[in-house]
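Numbered according to the numbering used here, the sequence shown spans residues 52 to 147.
Even for Gly, the Cβ is constructed at its ideal location relative to N, Cα and C.
To keep things clear, I will list the structure first and then write my remarks on it.
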Amino acid sequence: MATDASSRRITGKVQGRDIVLNGPLSKDEIRHKVWWWQIPHPETAQERKDRLHEYDSSQKNVISTLGGYYEVSDDSRTPEADELVELVYTELNPDD
């Protein structure tokens, strides 16, 4: 997991899946990519497969930013999730 300031890229491991966030992204796009397993229906066959894959819940879900590592909550609607989205948005969109 790494962050590259020149390419505005943040990586993480969420629900056992590596994710990459390339900026610029909107807050909704960030939330969708980080909490991908909570995608509302209808979903594609690939999204369903990703969401239903086996996952070892003993591992933490984390995002790595320039500011450090942040744990991803299981629920995208918590205040902590909102703070993480805001932090990621700021790092991916520094000119806004």
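Remark: C-beta atoms of ARG60 and ASN73 approach each other more closely than 8 angstroms. Annotation: the continuous alpha helix (DSSP H) that includes LEU135 extends over 130-143. Cα atoms of LYS111 and LEU138: separation of roughly 19 angstroms, rounded to the nearest angstrom. GLY119 is bridged by DSSP to THR116. Within its own chain, the residues whose Cβ lies closer than 6 angstroms to the Cβ of LYS78, once the five positions on either side in sequence are excluded, are VAL136, TYR140, listed in chain order.
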